[in-house]
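Asks:
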Amino acid sequence: MDLPQKRKRISHELTNSQPSNREATPSTSTNGHAGGFVEGSILRITMRNFLTYDHSEVFPGPKLNMIVGANGTGKSSIVCAICLGLAGKTAVLGRGDKVGLYVKRGCNKGSVEIELYRASGNLIITREIQVENNQSSWMLNKKHASQKAVEEAVKELHIQVGNLCQFLPQEKVGEFAKMSKIELLEATEKSVGPPEMYDFHCELKTFRTKERELENLCKEKANFLEKAKQRNERSKHDVERYYMKKRHLDNIQVLEKKKPWVEYETTRKELEGVKKQREEMKRKLKSLKEAQEPLLRKIRSVESQLQPIEQQMKEKTASIREVSQKCKQKHDQLELRNKEVDDIRQDLSLKQTEEADRQKRIGHTQLMIRDLQKELQNMDGMEDVTPQIEAVNAELRNIQEEKAKLDGESLDLRRDKDEAYGEFIRLQNRLRSLEDMMKVKEDKLRSRFRDTYTALMWLRSNRDHFEGNVHEPMMLVINVRDARHAKYIESHIPVNDLRAFVFQKQKDMERFMAEVRDSQKLRVNSVIAPMESCSGRPPSRSLETLKRYGFFSYLRELFDAPEEVMSYLCHQYKVNDVPVGTEKTKSMIEMVIKDVQLRMIYTAEEKYTVKKSSYSNNVVSSNSALRPSQFLTTAVDVDEKRHLEEQIRVAQSNVHRIDERMAAIREQQGKLDRRDNELRAKKKKLSEMKGKKRQLEQKISTKQDSLRQMEQNKINLEAIEEETNAKIATVNNKKVAIMEEYLKYMQMKARLSMEKVYLALQCAGLSAEKTKLETDCRDSSSELKQAEVAYTKLDQIKNNLLATCKSLMRRAIEICNMIPGEAAVPEELHAAFSQLPETLDEIDAMLNEEKTRAECFTGLSDAVVEEYNRREQEIQNMEKELDDKTNDLTTYRQNIAEAKERWLNPLKQLVDQINERFSDFFRSMQCAGEVDLHSENEEEYDKYGIRIQVKFRSNAQMHELTPHHQSGGERSVSTMLYLMALQELNRCPFRVVDEINQGMDPVNERRVFDIVVRTACGVNTSQYFFITPKLLQNLQYAEQMTILCVHNGPHMLEPNKWNEKTFLRRAKRRPIS
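Plus 754 on top of the position in the sequence shown (first one is 1) and you've got the numbering used here.
1. Mind checking whether leucine 1461 and threonine 1107 have CB atoms under 8 Å apart?
2. Could you tell me the distance, in whole angstroms, from the CA atom of leucine 1380 to the CA atom of serine 1245?
3. From what residue to what residue does the alpha helix (DSSP H) around arginine 1265 run?
4. Looking at C-alpha atoms only, which residue of Glu1269, Thr1729, Glu1694 and Ser1201 is the closest neighbour of valine 1704?
5. In angstroms with no decimal places, state the Cα-to-Cα distance between leucine 818 and glutamate 793.
6. Pick from Glu1523, Asn803 and Leu1300: whose alpha carbon is nearest that of leucine 1060?
7. Take valine 1773 as the anchor and find which of Glu1793, Leu1807, Val1618 and Asn1467 has the nearest alpha-carbon.
8. With C-beta atoms as the reference, is methionine 1632 less than 8 Å away from leucine 979?
9. Here's a check: name, in chain order, each residue in its chain whose Cβ is nearer than 6 Å to the Cβ of tyrosine 871, leaving out the five neighbours to either side.
10. Tell me where the alpha helix (DSSP H) around cysteine 837 begins and ends.
11. Within the continuous alpha helix (DSSP H) that includes leucine 1312, where are the two ends?
12. Have a look at the DSSP bridge pairing and note the partners of glutamine 1449.
13. Taking the C-alpha atoms as reference points, what is the distance between alanine 1617 and glutamate 1690?
14. Of the residues Gln1627, Thr844 and Lys1029, which one's Cα is nearest the Cα of asparagine 1554?
15. Give me, in chain order, the residues of the same chain whose beta-carbon lies closer than 7 Å to that of histidine 787; leave out the 5 immediate sequence neighbours on both sides.
16. Which residues in the same chain have their Cβ closer than 8 Å to the Cβ of arginine 1271, if we skip the five residues on either side of it in sequence?
17. Let's test the definition: count the other Cβ atoms within 10 Å of the Cβ of cysteine 861 and tell me whether it reaches 16, buried, or not, exposed.
18. Between alanine 1240 and valine 1249, how many whole angstroms is the CB-CB distance? I'm expecting something under 8 Å.
19. Taking three-plus beta-carbon pairs below 8 Å as touching, is the stretch 1032-1051 in contact with the stretch 1544-1553?
20. If I'm right that valine 853 touches serine 890 with Cβ under 8 Å, what's the distance once you round it to whole angstroms?
21. Is glutamate 1318 near histidine 1397, with beta carbons less than 8 Å apart?
22. Can you check the stretch 1290-1356 for any alpha helix (DSSP H) of at least 4 residues that lies completely inside it and give the ranges in chain order?
23. Based on the DSSP output, what are the partners of glutamate 882 in its beta bridges?
24. Sorted by chain position, which residues of the same chain lie with C-beta nearer than 7 Å to glutamate 1163's C-beta, five sequence neighbours on each side aside?
25. If we call anything under 8 Å between Cβ atoms a contact, is glycine 1222 one with glutamine 1274?
26. Kindly list the residues whose CB is nearer than 8 Å to the CB of lysine 1503, restricted to its own chain and excluding five residues on each side of it in sequence; keep chain order.
27. Using the Cβ count rule (16 or more neighbours within 10 Å means buried), how would you classify glycine 1335?
28. Please classify alanine 1254: is it buried, with 16 or more other beta-carbons within 10 angstroms of its beta-carbon, or exposed?
29. Is it right to say tryptophan 1812 is buried, meaning 16 or more other beta carbons lie within 10 angstroms of its own, or is it exposed?
30. Taking the CB atoms as reference points, tell me whether valine 1056 and leucine 1527 lie closer together than 8 Å.
31. Let me know the secondary structure DSSP gives threonine 1363 once reduced to three states.
32. Going by DSSP in three states, glutamate 1226 sits in which element: helix, strand or coil?
33. Tell me, please, whether the stretch 1446-1457 touches the stretch 1088-1097 by the rule of three or more beta-carbon pairs shorter than 8 Å.
34. For glutamate 1568 and lysine 1023, what's the separation of their Cα atoms in angstroms?
35. Start and end of the alpha helix (DSSP H) containing aspartate 1251?
36. Could you check the C-alpha separation between arginine 1564 and methionine 1600 for me, to the nearest Å?
If you want it as structure tokens, here you go:
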């Protein structure tokens, strides 16, 4: 088999097949198509900056195309190019959901160009993908076109990249077995059935849906029609009763119209009678008023005489009040003079008492002077105490100086204590704030990892059980220096380690886990620190060499942790060798990955993992976005906490030391105070002894001076008595003058009072006469008032009746629907009124009777009759609609029968052909397989499906192909053989199957490969793409196959520099080892 020559011929032929500049050069083939290609086959695939390719062209053959290459070389990239280049959706591939993700990393745009065979001229489809806006631009034969135009062109060539029966990418292989029977039938119809088969199926489902809708509609309308007839039959009796009630209501209406007219006439007659009574009472009232006039004139005469007398009485009363006021003033003046005499006599009595007291004090003072002189004579023989007093004063001065010194020291100590205590309080507050931050971290631990928190509480209570260091969960002991960097630490260290306890010794960890995990059944993680500390391990590269790329620190320098914890993280997660960068790092990431050659790096918002391909030594990187920090944003500085605790202990010691010194000073001050008091008492006693003689001399001198002063202050009582008598005589003379005026005013008051009595007698006589006249007048006016009341009442009744008449007239006109101002009753009402009673009582009796009869017809309304008439009309309409829908249903059933015949018979033939090929393939593999058309109900066309049943062992039964019953390899074999069964029936131009042989065992893989080669290289088959990363040895190949080997590596030539002849010539010159 001369495959290289075959590949050369095809490549040359495809290269010159572009319709833009020249016609394709068709070659003769057994099936009559150009070069063996069928309509819509792929002639060329060109990729630029697409996934792993910079630039590559693929020229597939017309039959089976075997695309072989190691994993990661770009086989599936060709599948992606076919799908996206033919307007397929990214969801078909099961990879990235955005088309921009298929452009090679670091490039702004990429393109895919596919040339399809077409008898009228090849079709070239070009798709250019922009990364920035995730948009695509399309071209058909080098001319710009819309995506819809491309989709239409692809559809005309029967290409269905969304149909798993035609296009089965690597990520969708497992989904084929998950397809339901219904989905498999639809995919098969679209793939191998005639173009109209799927349309007939859809038409049948639509017809069946409409048939069910019409059946349900006809059934609903028939039921509703029957219920409507039944309801109308029940309502018929109510309608008859309604019309009987209506007649009674008409009679009530006429009676109610006549009633206000009768009421008006009755009220009008009553008004006329009241008017006559009012006129008679008016004449009587006038005559009574004329008879009462003489008495009123006499009363007015008496009132004119009485008025001046009452005025004179008021004037006398005012004069009496004025004279009484003057009498009171004179009486008050007499009282004042009497008090003045009493005050003069009181002054004389005080002088007499004062002189007697002076004589008594003189005698007492003389006695005291004699006693003091006697005591002074007794003290002349006592010694001098001055030296003793001076000695006491010197000792007191020493004590005062010592006390002042102690007070100064005490003041300094108090100031030092205030400062030390203030510092202690400040340090305590700072420590409390750090402990509160630690409490926040513990609360997060408790809410997320309850078991870990329970184990933490146990550890804190039982630390004495362990020999080495035991560190609490890392999320509590790790302190990020800047909260903004916490996201790097949490992204780098797994959560399971963040909540793990760190042990220094293996024995301690085993004891801890035995307690909390085995005994308490808690889910807790623990790790052990390396035996040799790794916390100080240097990075592989100096940070200074990385700063030009935007790196500012290694992970280790972003946080603090205990020695064992840091050692474990450096050993396990290499935090000492993972640099952290900025946005500058992100902007030059390609250069960073190439130059730095570190396995893991961080930018401002992303994490990059760098690996080297085991096939090509190419550097492959992946990135992921950093998640916001959850646990480490709250940082507690352990060194600061430890330093604060030490400072607090020092501050407490200082306060205690100051308190002890102050207590000693207070004790010393107490001793000095007691000695001071003793000395002062002694000094007082000596001073008293020294000063007592001098005091006695001073007292004697003072008493003698006081005695001389008292003797000089003698009072002349005789002169004072004469002066007092003269003052009393003067006051008495003034009292006589005041008494004379007082008697004059009293006489004037008596005269005015007599005059007022005479006027009061005259006023009483006139008042009695006026009272008698008023009594006579009142007796005569009683009848007048009664007449006035009667007249007022009649006038009010007349006004009320007049208003009632007007109101009744308006009401009667309104009830009868007459024009306002129209007094005559219309003829039709007059005729109706003539047949009714004329009196109000008879009308009320008849009205009550009609109302009683109408009330007997309960539960009736206009709505009953309206509903009855409306339902009668609906019944007629529904009967017509039911006839129309029944005719439509008959027509639909005829259409369904015709469509079913057009669809089901060809479908059964197609399924039989598929089953025949599928069964043959399975028999050739010593297995069994069947394909049949399955439906639970022949009339439910949306429930039809294709059922695949397989059996891989002779002693087993046939089982339906499902995602769960068969193994992965068995599902792959079944899927592959079903697709091959469709190959000879396929009306699609090509089929793609990507790495379906991965789960097969070698025996089945060899059998399936033979079937694929034999079927895909047959006479009446279309183009076939089979992608695989590996092949078994000694497989059977066919001449019609095209082998496409995919290579990838740093030393690959560009496609335009590849020379096949040179490659073969060099290969032949190489010596065979």
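Cβ atoms here follow ideal geometry from the backbone N, Cα and C, with glycine treated the same way.
Fair warning: this is a prediction, and the values are worked out from it, not measured in the lab.
Replies: Looking at the coordinates:
1. Mapped onto the sequence shown, residue 1461 falls at position 707. Mapped onto the sequence shown, residue 1107 falls at position 353. Result no, Cβ atoms of leucine 1461 and threonine 1107 do not sit closer than 8 Å.
2. Your numbering for residue 1380 matches position 626 in the sequence shown. Your numbering for residue 1245 matches position 491 in the sequence shown. For leucine 1380 and serine 1245, the distance between alpha carbons rounds to 7 Å.
3. Within the sequence shown, residue 1265 is the residue found at index 511, counting from 1. Unbroken alpha helix (DSSP H) run through arginine 1265: 1260-1267.
4. Mapped onto the sequence shown, residue 1704 falls at position 950. Residue Thr1729 is the option with its Cα nearest to valine 1704.
5. Within the sequence shown, the letter at position 64 stands for residue 818. Within the sequence shown, the letter at position 39 stands for residue 793. One C-alpha to the other measures close to 16 Å.
6. As a position in the sequence shown, residue 1060 is number 306, starting the count at 1. It is Glu1523.
7. Reading the sequence shown from its first residue, position 1019 is the one you call residue 1773. Of the candidates Glu1793, Leu1807, Val1618 and Asn1467, the one whose C-alpha sits nearest the C-alpha of valine 1773 is Glu1793.
8. For the purposes of this step, residue 1632 is identified with residue 878 of the sequence shown, where counting begins at 1. For the purposes of this step, residue 979 is identified with residue 225 of the sequence shown, where counting begins at 1. The answer is yes: Cβ separation under 8 Å.
9. Taking the first residue of the sequence shown as position 1, residue 871 is located at position 117. The answer, listed in chain order, is Phe791, Ser795 and Leu797.
10. As a first step, residue 837 is located in the sequence shown; it is residue number 83 there, counting from the start. Counting along the chain, the alpha helix (DSSP H) containing cysteine 837 begins and ends at 829-839.
11. In the sequence shown, counting from the first residue as 1, residue 1312 sits at position 558. No alpha helix (DSSP H) contains leucine 1312, which DSSP labels as neither H nor E.
12. As a working note, residue 1449 is residue 695 in the sequence shown. For glutamine 1449, which the question treats as bridged, DSSP gives no partner whatsoever.
13. Within the sequence shown, residue 1617 is the residue found at index 863, counting from 1. Within the sequence shown, residue 1690 is the residue found at index 936, counting from 1. Spanning the two alpha carbons is a distance of roughly 51 Å.
14. Indexing the sequence shown from 1 puts residue 1554 at position 800. For asparagine 1554, the nearest C-alpha among the options comes from Lys1029.
15. Translated into the one-based positions of the sequence shown, residue 787 becomes position 33. Because histidine 787 sits at a pLDDT of 49, beneath the cut-off of 50, its placement in the model cannot be relied upon, and the following sentence gives the value as read from the coordinates. Contacts found: none.
16. Locating residue 1271 in the sequence shown gives position 517, counting from the first residue. So the list reads Arg1277 and Val1278, once near-sequence residues are dropped.
17. Position 107 of the sequence shown, counted from the first residue, corresponds to residue 861. Exposed, since its Cβ has fewer than 16 Cβ neighbours within 10 Å.
18. Looking up residue 1240 in the sequence shown gives position 486. Looking up residue 1249 in the sequence shown gives position 495. Between valine 1249 and alanine 1240 the Cβ distance is about 13 Å, and since that is not below 8 Å, they are no contact.
19. yes
20. The residue labelled residue 853 in the question sits at position 99 within the sequence shown. The residue labelled residue 890 in the question sits at position 136 within the sequence shown. So it is a contact: roughly 6 Å between Cβ atoms.
21. Locating residue 1318 in the sequence shown gives position 564, counting from the first residue. Locating residue 1397 in the sequence shown gives position 643, counting from the first residue. Contact: no.
22. 1317-1327, 1337-1341 and 1343-1350
23. Numbered from its first residue, the sequence shown carries residue 882 at position 128. Ser865 and Ser891.
24. The residue you call residue 1163 lines up with position 409 of the sequence shown. Around glutamate 1163: Ile1419.
25. Position 468 of the sequence shown, counting from 1, holds the residue named residue 1222. Position 520 of the sequence shown, counting from 1, holds the residue named residue 1274. No, the pair does not count as a contact, with Cβ atoms beyond the cut-off.
26. By one-based count along the sequence shown, residue 1503 stands at place 749. Closer than 8 Å at the Cβ level, and outside the excluded window around lysine 1503, lie Ile1074, Val1077, Ser1078 and Cys1081.
27. Along the sequence shown, one-based indexing puts residue 1335 at 581. Buried: at least 16 other Cβ atoms inside 10 Å.
28. The residue given as residue 1254 occupies position 500 in the sequence shown. Alanine 1254 should be labelled buried.
29. Residue numbering aside, residue 1812 sits at position 1058 when the sequence shown is read from its first letter. So tryptophan 1812 counts as exposed.
30. Taking the first residue of the sequence shown as position 1, residue 1056 is located at position 302. Taking the first residue of the sequence shown as position 1, residue 1527 is located at position 773. Yes, these two residues count as a Cβ contact at 8 Å.
31. Here the question's residue 1363 lines up with position 609 in the sequence shown. In this structure, threonine 1363 counts as strand in the three-state DSSP scheme.
32. For the purposes of this step, residue 1226 is identified with residue 472 of the sequence shown, where counting begins at 1. Coil.
33. no
34. Locating residue 1568 in the sequence shown gives position 814, counting from the first residue. Locating residue 1023 in the sequence shown gives position 269, counting from the first residue. Each residue's Cα considered, the two are about 22 Å apart.
35. Translated into the one-based positions of the sequence shown, residue 1251 becomes position 497. Aspartate 1251 -> alpha helix (DSSP H) spans 1249-1252.
36. In the sequence shown, the residue the question calls residue 1564 occupies position 810. In the sequence shown, the residue the question calls residue 1600 occupies position 846. C-alpha separation (whole angstroms): 24 Å.
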